[in-house]
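Undergrad: I have a structure here, written as structure tokens, and I will follow up with some questions on it.
Protein chains: 4
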Amino acid sequence: MSGSTFGTIFKITTWGESHGAGVGVIIDGCPAGLPLTEEDIQTWLDRRKPGQSRFSTPRKEDDLVAVQSGIFEGRTTGTPISLIVYNKNQRSADYSEIASYYRPGHADYTFDQKYGFRDYRGGGRSSARETIGRVAAGAVAAKLLGLLGVRFLTYVKSIGPVTIDPARFDASEICKNPLSMPDAQAAADAQDYLKTCMQSGNSSGGIVECIITGVPAGIGEPVFQKLDSELARAVFSIGAVKGFEIGDGFAAARATGLSNNDAFYYNEKGILCKKTNHAGGILGGISDGSDIIFRAAFKPTPSISAQQDTVTKDGENRSVCVKGRHDPVIVPRAVVVVEAMGALTLADLMLENMAARIDTVLSFYQNR
Amino acid sequence: MSGSTFGTIFKITTWGESHGAGVGVIIDGCPAGLPLTEEDIQTWLDRRKPGQSRFSTPRKEDDLVAVQSGIFEGRTTGTPISLIVYNKNQRSADYSEIASYYRPGHADYTFDQKYGFRDYRGGGRSSARETIGRVAAGAVAAKLLGLLGVRFLTYVKSIGPVTIDPARFDASEICKNPLSMPDAQAAADAQDYLKTCMQSGNSSGGIVECIITGVPAGIGEPVFQKLDSELARAVFSIGAVKGFEIGDGFAAARATGLSNNDAFYYNEKGILCKKTNHAGGILGGISDGSDIIFRAAFKPTPSISAQQDTVTKDGENRSVCVKGRHDPVIVPRAVVVVEAMGALTLADLMLENMAARIDTVLSFYQNR
Amino acid sequence: MSGSTFGTIFKITTWGESHGAGVGVIIDGCPAGLPLTEEDIQTWLDRRKPGQSRFSTPRKEDDLVAVQSGIFEGRTTGTPISLIVYNKNQRSADYSEIASYYRPGHADYTFDQKYGFRDYRGGGRSSARETIGRVAAGAVAAKLLGLLGVRFLTYVKSIGPVTIDPARFDASEICKNPLSMPDAQAAADAQDYLKTCMQSGNSSGGIVECIITGVPAGIGEPVFQKLDSELARAVFSIGAVKGFEIGDGFAAARATGLSNNDAFYYNEKGILCKKTNHAGGILGGISDGSDIIFRAAFKPTPSISAQQDTVTKDGENRSVCVKGRHDPVIVPRAVVVVEAMGALTLADLMLENMAARIDTVLSFYQNR
Amino acid sequence: MSGSTFGTIFKITTWGESHGAGVGVIIDGCPAGLPLTEEDIQTWLDRRKPGQSRFSTPRKEDDLVAVQSGIFEGRTTGTPISLIVYNKNQRSADYSEIASYYRPGHADYTFDQKYGFRDYRGGGRSSARETIGRVAAGAVAAKLLGLLGVRFLTYVKSIGPVTIDPARFDASEICKNPLSMPDAQAAADAQDYLKTCMQSGNSSGGIVECIITGVPAGIGEPVFQKLDSELARAVFSIGAVKGFEIGDGFAAARATGLSNNDAFYYNEKGILCKKTNHAGGILGGISDGSDIIFRAAFKPTPSISAQQDTVTKDGENRSVCVKGRHDPVIVPRAVVVVEAMGALTLADLMLENMAARIDTVLSFYQNR
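Chains as they are written, first to last, in my numbering: chain E, 4 to 371; chain Y, 4 to 371; chain A, 4 to 371; chain G, 4 to 371.
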């Protein structure tokens, strides 16, 4: 497995399993001189922490980050930043039974097929705890992007059949309800829906939406590192994601050119604008200066206590009720993971873009 | 721009613009000894050739491939395979006017913002002709995968509002209608719809679906080179793609764990199977041995002859009718491009997977 | 700084400074199923540990490795292996003075120029402690290579003007003297030489030689990942290396084709052999099955207590005597670092080589 | 073989064999807006062209470059630059015999071992013609570096036993003698030596030295992309290189810290300088602003007409006289190849360095 590294210039490598010593990440390529504290990172980790509502796993983890390297006197040094979160609340005993069978919807079978065996405790490397490294690194990327004027607004757009109503959209609601929805009514309806799911030992999927403002035009590298292509890859690398779209997404497939094209115009200040943003801020794989908008579809949590058919490793058909401490819906906790992957992608491409033009290269070296 | 390379082991690099000398691709990392002829590649290029129906651009290009290196006595040598298709039917005069303004829905503005200027002839590097290199390389990847038992079935699932009916699904229809739809009735309806679009100088989007059979379990590298993540990136790097989904995709977001989990069972021969395939053949980013199923949403062709509002480079608002030879729908010609990106992704990950286990590594070196 | 990752398939990323929390490495891409214990790694770290003789820094570090992930029930899982060595014997006070001036022969000035400031405690990232991550990862690579029949013999060939005499070469001597020389007489002479250096607050350079046996023919990827090119890069990435050669090296520049070419012949068992090995086991960047032989030249330790001229950051010329706990010669402790870099390079290229031929690819997938 | 790509930002991919259709290179990541003509590139190719003196192969090749993409109206567009040189003077018949045996000192045997067979015409991919792509790309890198004030002075330092005398060093001599030596007397002596070699069907090795001026301090990425490490890798990837050193190189191994450290001082203008340059311009893997100096040792041309012992593929010992058109010394023609690899390495690292500090990143995006 050589797939634990992401990025070209702003490059991260994550490690760690659910029930090992801990999980962590190395950030290599963060520019030197960025003010950075453990609190900057902890704030993000707290957003994904379990146990914050009845709709997430009761597993309690403080998930306190420790900075091991790369920061000196409050600023990044340009050298690798190593971040670790030690595991504290492992209950491996919960998982002893699942060593023998393959949980439906999980990676148990595929890991066994690839590697010959697996660390079956808590899903090993395919556990949701693997995202801690992404979130910690995403916090650093977002700190950098914040200085460049880039802002993220990420929230739950739908849970199961319950979708937010654009007419009721209120960003301040996102942090007020346990489902991170920007619509109080939808959040209430979704909670009712989730309670029903939980009563039958079932779970729900949902959709996360992310709006990024302040991205300058020109970000993204044709033809295989397009901004949308890299965002798709980044978000699709999160476990449980089954769909991704930019701007109008699948709806664009049903549209016509006349309705889908975004007309350009100069506003009264002479600034180039678009009358609409069906494109979601990306044309030809390069940002156009308007808001970047994308969505990710998450499948329902596969770990459910309802009875299911499956097989043992040893050739027998059986039925199981998956025990353990699981989330009835992963989507609200995935919000910060999606935002982290967006931030990592943008930070990398914005740094890479600095070498795109000879005039800026000359200016860089002549002004030293 | 440093984004023209795709893949880790089976690695391709494309080059070329619509109106330059030609377009091409280098394939580096194709195993030695693969039987390969120009015909193997030409067959694929012929599938994407324009001018084959009234629904694609009347621009005529033979698009004949020339193998420049990497093949000796009918077999690949293990060294880079260089493939070139020379441009023959350039009419740059058609594009002289568009140097001055930004076409809505195109990359004119974003290329100018990134690089300071652009090759405005025919879209330059963001032209659909850029896909020729991908298709030529995809043919080689598919030849390799064919020996390994991997097969592709790719077709148009919908055009604008017209979608195929699963009850009428007939794979043999795909090559019988100009829209590559596996449903004769849907193909007829879609043609009617397209004629209406064309009469008003308009265009349509659509959806391509791809089913890959014969992929062994175990392909994909957690956590940032998951098979689904790499497929998403690969397909989203095709111009005009706005959405991507695996298996049930966005529908999974509305499902429950109980309905979405695929139950495992051993069939009468003792082979592990799944009762359903909502996952689209991928669990935890690794293939599970069942069919890989994915879809890509394409936006409508942005080049339309209907009148649109836009701006000039020099600060003026104006309206335009984009001239030139354009496709009213790009989706049927995109089928082979989607298939090529799928083949390139799989070939790379199947080669990378060979080093996953110590027993196979030992076996490889001890049997020499 | 985005240069902390090495390798394509067997990929490592190191982190950590001399005086931060610790140093470590992530190994991503080690095949699953390799038996591995902390002792396997500790043995290698003990070989580079300081304070083992009067010729190395008296700084005492236990340098105990902790495995954080990637091993389950005594075997690698195929997931990232995170290894940490915590720093325990930091005396930052020793370094407070050097914040103000640039030590000759050190990276103080260049780090300041690149990043705008630096972590001046103990050399920060350019400290010799950075090599701990390489050595820990090298131990894992060597464990893998050992199963494949690859063996390393690495030693000090010369220190200052004292060079081993081939006529007295005795591999069993290497671990008997503190200078790791395979010649007892040369080791004694070199110790006398070093004592003289130390008396004048001076230091010495030297040469490390490495012989690798058991490498099968065919390893190395033309044209930019040749085995010799990758070894050169790997070894030259060790601080203080100023020269590298394969086989006859610089002596080959003075030779003729007739004297330098290694004649092939079949021995009595019909096995292809070479009468000589001027090439050092590599032809055209690919291993030829004979011993791989290379050498690295190390400059003298730049930290010396003798008085030297230098400058302060603030524009003044001054003279300094560098304090702190330093090695009068780094070469003996570099032996294991050179061996580690050799092992990492070979492990990566041997895994990459598995996909070189279609027959082995077919065999791999058909035998599953 | 997946090793045909070099570089991270300024990235090249070469292709082509000695006796195929041609050889070429794709440059991806060259900044947009660089003025560039075919003449800029042809000038470099003419420097490596064979047949210019009695000391190089009489094979006549015009080696005319054709630019296929990436340049519009005289400037680079930021998209891939594809450069091709078609082969015109192939005489495959010359090589029909060598299909059956392994030439000593060549890659015939190792290619067969790696790939199972080889393109035996003219050495296939291990032919010296492979360097055409490097030289063409190096010309583009050097054009870019020239605008940044970086200059190269590259020459032959020694041929066989004949070395230039520093006291007679005259850069203007380099282009006046067929051996590219900056010392007329040494060039005359070396020609005499080569004539003796040729009379006995023998060949000679030699050393190329390169001095790069104008490189700003701060270039190079610790710890695995150090400037010296990347130069070592780049130069060692040229066929026939057996040794590489920076600054004092192997001589530093015999030196002491006191003699080898370069003392810093501020000159009368307050500019930081070094009294000596034993380091060759690199400290801790990062340029220090003084001249970069390195040397490469080339082995003698392995193709010689004198009789040698070798083996056939089919198990027989035999003796051979290698026919064909070969250089008695490759070193003078290698000068431009070494310079090209130096330029490619520096261009890549200078672009990568732009993202090293937060202040320059902020300045870049705020000044847009």
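Cβ coordinates follow ideal geometry from the N, Cα and C atoms, glycine included.
Owing to the predicted nature of the structure, the values given are computational and were not obtained by experimental measurement.
At which residue ranges does the region 190-272 of chain A contain complete beta strand (DSSP E) runs of 3 or more residues, listed in the order of the chain?
TA: Correct list: 209-216, 244-249, 267-269.
Undergrad: Output the distance between the C-alpha atoms of A/Leu39 and A/Val153, rounded to the nearest integer angstrom.
TA: If you number the third sequence from 1, residue 39 of chain A lands on position 36. If you number the third sequence from 1, residue 153 of chain A lands on position 150. In a straight line, the C-alpha of A/Leu39 is about 17 Å away from that of A/Val153.
Undergrad: Assuming G/Ile210 contacts A/Ala256 (C-beta within less than 8 Å), just tell me the rounded distance between them.
TA: Translated into the one-based positions of the fourth sequence, residue 210 of chain G becomes position 207. Translated into the one-based positions of the third sequence, residue 256 of chain A becomes position 253. That pair is a contact at about 5 Å.
Undergrad: How many whole angstroms separate the CB atoms of A/Asn207 and A/Leu197, which I take to be in contact at a CB cut-off of 8 Å?
TA: The residue given as residue 207 of chain A occupies position 204 in the third sequence. The residue given as residue 197 of chain A occupies position 194 in the third sequence. Checking the sequence, you will find Ser at residue 207 of chain A rather than Asn. That belief holds up - the Cβ atoms of A/Ser207 and A/Leu197 are roughly 6 Å apart, short of 8 Å.
Undergrad: Thinking C-alpha only, which one of G/Ser99, G/Ile101, G/Val68 is nearest G/Ser85?
TA: Numbered from its first residue, the fourth sequence carries residue 85 of chain G at position 82. Comparing Cα positions, the closest option is G/Val68.
Undergrad: Considering only the beta carbon of each residue, do Y/Lys52 and Y/Asp43 sit closer than 8 Å?
TA: Counting from one through the second sequence, the residue named residue 52 of chain Y turns up at place 49. Counting from one through the second sequence, the residue named residue 43 of chain Y turns up at place 40. No. Outside cutoff.
Undergrad: For A/Asp173, count neighbouring Cβ atoms within 10 angstroms of its own Cβ and tell me buried if that reaches 16, exposed if not.
TA: Your numbering for residue 173 of chain A matches position 170 in the third sequence. A/Asp173 should be labelled exposed.
Undergrad: By the 10 Å Cβ neighbour count, where 16 or more other Cβ atoms means buried, how is E/Gln1 classified, buried or exposed?
TA: This structure does not reach residue 1 of chain E, given that chain E is present from 4 up to 371, and the question cannot be answered.
Undergrad: Quick check: the Cα distance between G/Leu261 and A/Ile249, rounded to an integer number of angstroms?
TA: Position 258 of the fourth sequence holds residue 261 of chain G. Position 246 of the third sequence holds residue 249 of chain A. Cα to Cα, G/Leu261 sits roughly 29 Å from A/Ile249.
Undergrad: Using Cβ-Cβ distances below 8 Å, what residues of the region 73-91 of chain E are close to chain A?
TA: Cβ contacts with chain A come from Gly73, Phe75, Arg78, Thr80, Gly81, Thr82, Pro83, Ile84, Ser85, Ile87.
Undergrad: Based on DSSP bridge pairs, tell me the residues matched to A/Pro38.
TA: As a working mapping, residue 38 of chain A is identified with position 35 in the third sequence. DSSP, once it has assigned bridges, lists A/Arg78 as partnering A/Pro38.
Undergrad: Indicate, with yes or no, if the ligand GDP has a heavy atom lying under 7 Å from the CB of G/Thr259.
TA: For the structure depicted, the ligand GDP is absent and the ligand set is empty, with no information on it obtainable.
Undergrad: Can you tell me whether E/Ile101 is helix, strand or coil according to DSSP?
TA: Here residue 101 of chain E corresponds to residue number 98 of the first sequence, with the count starting at 1. In this structure, E/Ile101 counts as helix in the three-state DSSP scheme.
Undergrad: In terms of residues, what are the limits of the beta strand (DSSP E) holding E/Tyr89?
TA: Numbered from 1 along the first sequence, position 86 holds the residue referred to as residue 89 of chain E. Element bounds for E/Tyr89: 84-89.
Undergrad: Using a Cβ-Cβ distance cut-off of 8 Å, determine whether E/Gly273 contacts chain G.
TA: Within the first sequence, the letter at position 270 stands for residue 273 of chain E. For E/Gly273, the answer is no, since every Cβ of chain G falls outside 8 Å of its Cβ.
Undergrad: Just the chain G side, please: which residues come within less than 9 Å of A/Ala258 by C-beta, in chain order?
TA: As a first step, residue 258 of chain A must be located in the third sequence, where it is residue number 255. In chain order: Gly163, Ser207, Gly208, Lys302, Pro303.
Undergrad: DSSP on Y/Leu67, reduced to helix/strand/coil?
TA: Locating residue 67 of chain Y in the second sequence gives position 64, counting from the first residue. The answer is coil: DSSP assigns Y/Leu67 none of H, G, I, E or B.
Undergrad: In its own chain, which residues sit with a C-beta less than 6 Å from the C-beta of Y/Val218, not counting the 5 before and 5 after it?
TA: Residue numbering aside, residue 218 of chain Y sits at position 215 when the second sequence is read from its first letter. Hits under 6 Å: Val153, Ser290, Ile295.
Undergrad: Take G/Arg106 as the anchor and find which of G/Lys245, G/Val323, G/Phe155 has the nearest alpha-carbon.
TA: Here residue 106 of chain G refers to the residue found at position 103 of the fourth sequence. Selected option, being the one with the closest Cα: G/Val323.
Undergrad: Can you round the beta-carbon distance between G/Leu347 and G/Ile12 to whole angstroms, since I take them to be within the 8 Å contact cut?
TA: Position 344 of the fourth sequence holds residue 347 of chain G. Position 9 of the fourth sequence holds residue 12 of chain G. G/Leu347 to G/Ile12, Cβ: 11 Å. No contact.
Undergrad: Distance cutoff 8 Å, beta carbons only. Does E/Ala346 sit that close to anything in chain Y?
TA: On the first sequence, residue 346 of chain E is found 343 positions in, with the first residue counted as 1. False, the Cβ-Cβ gap to chain Y never drops below 8 Å.
Undergrad: Residues of chain G with a CB under 9 Å from the CB of E/Met357: which are they?
TA: Position 354 of the first sequence, counted from the start, is the residue given in the question as residue 357 of chain E. Chain G residues near E/Met357: Leu354, Met357, Ala358, Thr363, Val364, Phe367, Tyr368.
Undergrad: Could you check if Y/Thr46 is buried or exposed, using at least 16 other CB atoms within 10 Å of its CB as the buried criterion?
TA: Your numbering for residue 46 of chain Y matches position 43 in the second sequence. It is exposed - the Cβ of Y/Thr46 has fewer than 16 other Cβ atoms within 10 Å.
Undergrad: Starting from the C-beta of E/Gly246, find all residues in its chain whose C-beta is less than 6 Å away, skip the five residues before and the five after it, and write them out in chain order.
TA: If you number the first sequence from 1, residue 246 of chain E lands on position 243. Ala300.
Undergrad: Excluding the 5 residues flanking G/Tyr269 on each side, which residues of the same chain have their C-beta closer than 8 Å to its C-beta?
TA: By 1-based counting over the fourth sequence, the position of residue 269 of chain G is 266. If we look at G/Tyr269 and ignore the five residues flanking it on each side, its Cβ neighbours are Leu275, Cys276.
Undergrad: Tell me where the alpha helix (DSSP H) around A/Thr17 begins and ends.
TA: If you number the third sequence from 1, residue 17 of chain A lands on position 14. Where A/Thr17 is concerned, there is no enclosing alpha helix (DSSP H), although the beta strand (DSSP E) it sits in stretches over 14-19.
Undergrad: Just to confirm the assignment, what range does the alpha helix (DSSP H) spanning A/Lys160 have?
TA: Position 157 of the third sequence, counted from the first residue, corresponds to residue 160 of chain A. Here A/Lys160 belongs to no alpha helix (DSSP H); instead the beta strand (DSSP E) covers 154-162.
Undergrad: Is there contact between the region 313-321 of chain E and the region 127-137 of chain E, where contact requires at least three CB pairs shorter than 8 Å?
TA: No, they do not touch.
Undergrad: Suppose the cutoff is 8 Å on Cβ atoms and the five residues either side in sequence are ignored; what does the same chain contact list for E/Ile226 look like?
TA: To locate residue 226 of chain E, count along the first sequence from 1; it is residue 223. Checking the displayed sequence, the identity of residue 226 of chain E turns out to be Val instead of Ile. Excluding positions up to five away in sequence, the list reads Gly288.
Undergrad: Assuming E/Cys366 is part of the beta strand (DSSP E), what are its boundary residues?
TA: What you label residue 366 of chain E is simply residue 363 of the first sequence in a count that begins at 1. Rather than Cys, the amino acid found at residue 366 of chain E in this sequence is Ser. From DSSP, E/Ser366 is part of no beta strand (DSSP E) but of the alpha helix (DSSP H) over 361-369.
Undergrad: Sorted by chain position, which residues of the same chain lie with C-beta nearer than 6 Å to E/Arg132's C-beta, five sequence neighbours on each side aside?
TA: If you number the first sequence from 1, residue 132 of chain E lands on position 129. Hits under 6 Å: Ser21, Val26.
Undergrad: Closest to E/Trp3 by C-alpha separation, out of A/Asp49, A/Ile74, A/Gln369, would be which residue?
TA: Since the first residue shown for chain E is 4 and the last is 371, residue 3 of chain E is missing from the structure and cannot be characterised.
Undergrad: Are the C-beta of G/Ala299 and some C-beta of chain E separated by less than 8 Å?
TA: Numbered from its first residue, the fourth sequence carries residue 299 of chain G at position 296. Chain E, which has no Cβ nearer than 8 Å to the Cβ of G/Ala299, makes this no.
Undergrad: Pick from E/Thr313, E/Arg298, E/Lys316, E/Asp330: whose alpha carbon is nearest that of E/Ile307?
TA: Here residue 307 of chain E refers to the residue found at position 304 of the first sequence. Comparing Cα positions, the closest option is E/Asp330.
Undergrad: Would you check if there are 3 or more beta carbon pairs closer than 8 Å linking the region 165-180 of chain A to the region 143-151 of chain A?
TA: The region 165-180 of chain A is not in contact with the region 143-151 of chain A.
Undergrad: Thinking C-alpha only, which one of A/Ala254, A/Leu352, A/Tyr112 is nearest A/Asp317?
TA: Translated into positions along the third sequence, residue 317 of chain A becomes position 314. Checking every option, the nearest Cα to that of A/Asp317 belongs to A/Tyr112.
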